[in-house]
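Okay, so the sequence shown: first residue is 1 according to my numbering, each after it adds one. The next block holds one structure in the form of structure tokens; read it before the comments.
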Amino acid sequence: VKMGKNKEKEIVFLDTETTGLNVYKEDIMELAIVSLRGKGKRSYLFNKLLKPKVRCTEGAFNCHFITDEMVKKEKHFIHYYDELKEILKDKTVVIYNENYDRRLINSLCERYGKEPLLKSDDCICLMETYAPIYGDWNEYHESYTWAKLTSAFNCEKGKMNLPPCDEKNIRAHRALGDCLMSKYVYLAIKEQ
Numbered sequence: 001v002k003m004g005k006n007k008e009k010e011i012v013f014l015d016t017e018t019t020g021l022n023v024y025k026e027d028i029m030e031l032a033i034v035s036l037r038g039k040g041k042r043s044y045l046f047n048k049l050l051k052p053k054v055r056c057t058e059g060a061f062n063c064h065f066i067t068d069e070m071v072k073k074e075k076h077f078i079h080y081y082d083e084l085k086e087i088l089k090d091k092t093v094v095i096y097n098e099n100y101d102r103r104l105i106n107s108l109c110e111r112y113g114k115e116p117l118l119k120s121d122d123c124i125c126l127m128e129t130y131a132p133i134y135g136d137w138n139e140y141h142e143s144y145t146w147a148k149l150t151s152a153f154n155c156e157k158g159k160m161n162l163p164p165c166d167e168k169n170i171r172a173h174r175a176l177g178d179c180l181m182s183k184y185v186y187l188a189i190k191e192q
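Pasting the structure below:
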């Protein structure tokens, strides 16, 4: 993505773990942002548990296993609004299932009287980018089926070669782990 005269925007990866799936009612329990630049902790721009203002659904808990006890002393997402705005400024934000995370984050911003943090023009949906590589065509929807991030990361279809992964914090369904998996999937797609 170009910005101005030959100046590329920095690429970052963002992921959330939430209290449920309704973007207009739910809250964020964990958020991470990782830069394409650097390796390991030097690439972690934001990685925090957050205290939601709504209860976590059983379905969401069964996915990420973040408990009320884990977040009871944490701050709410909106407390970090200014810090997040600065981190995301002039960045291209890559998100696996971008539509969900962008809408949820912007819905929370709106609920608290803040400007949206994520513009669709500044975001890339890695899930949609990966779908043709995964290659399962859906005749009914006339589009490629979306694959799970873990399927993409594990190259289940064998169509990509991920670069060697030396990250120690890759755990599916946790914000940092999903950011790191997205980073490696992005790098593999870029190499094709």
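Here a beta-carbon is modelled for each residue, glycine too, at the ideal position from N, C-alpha and C. Nothing here was measured: the structure is a model prediction, and the numbers come from that model.
Cα-Cα separation, S43 to K190
Rounded to whole angstroms, S43 to K190 spans 19 Å at the Cα level.
So A188 and M160 are in contact, right, with Cβ under 8 Å, and what is the actual spacing, rounded?
About 4 Å; that satisfies the 8 Å criterion.
Is DSSP giving E196 helix, strand or coil here?
In the structure displayed, the chain extends from 1 to 192; residue 196 sits before or after that span and is not available.
When DSSP labels each residue in this structure, what does I193 get in the three-state scheme?
For the chain, the structure presents residues 1 to 192; residue 193 sits outside this window and is missing.
Which word fits L261, buried or exposed, when buried means at least 16 other C-beta atoms lie within 10 angstroms of its C-beta?
In the structure displayed, the chain extends from 1 to 192; residue 261 sits before or after that span and is not available.
DSSP three-state call for V23: helix, strand or coil?
Coil.
Helix, strand or coil, according to DSSP, for A188 in the structure here?
Helix at A188.
Counting along the chain, where does the beta strand (DSSP E) carrying V34 start and finish?
Per DSSP, the unbroken beta strand (DSSP E) holding V34 starts and ends at I28 to S35.
Pick helix, strand or coil for N97, following the three-state DSSP scheme.
Under the three-state reduction of DSSP output, N97 falls in the coil class, being neither helix nor strand.
Nearest residue (CA-CA) to Y100, options R111, C123, E69 and C63:
Y100 has its Cα closest to that of C123, out of R111, C123, E69 and C63.
With H, G and I counted as helix, E and B as strand and the rest as coil, what does DSSP make of L50?
In the structure shown, L50 sits in coil (DSSP, three-state: anything other than H, G, I, E or B).
Starting from C63 and walking both ways along the alpha helix (DSSP H), at which residues does that stretch end?
E58 to H64 is the span of the alpha helix (DSSP H), which, as asked, contains C63.
Is M127 close to chain B? Criterion is C-beta to C-beta, closer than 8 Å.
Absent from the structure is chain B; it holds one protein chain and no more.
From I33, A147 and T19, residue whose alpha carbon lies closest to that of L88:
Proximity to L88 across I33, A147 and T19 peaks at I33, based on C-alpha coordinates.
L118: which of S151, E139, L84 and D27 sits nearest, CA to CA?
With distances taken between CA atoms, L118 lies nearest to L84 out of S151, E139, L84 and D27.
Starting from E17, follow its DSSP beta bridges and name the residues at the other end.
E30, per the DSSP bridge assignment.
Could you pull the DSSP bridge partners for Y144 from this structure?
BP columns for Y144 point to W137.
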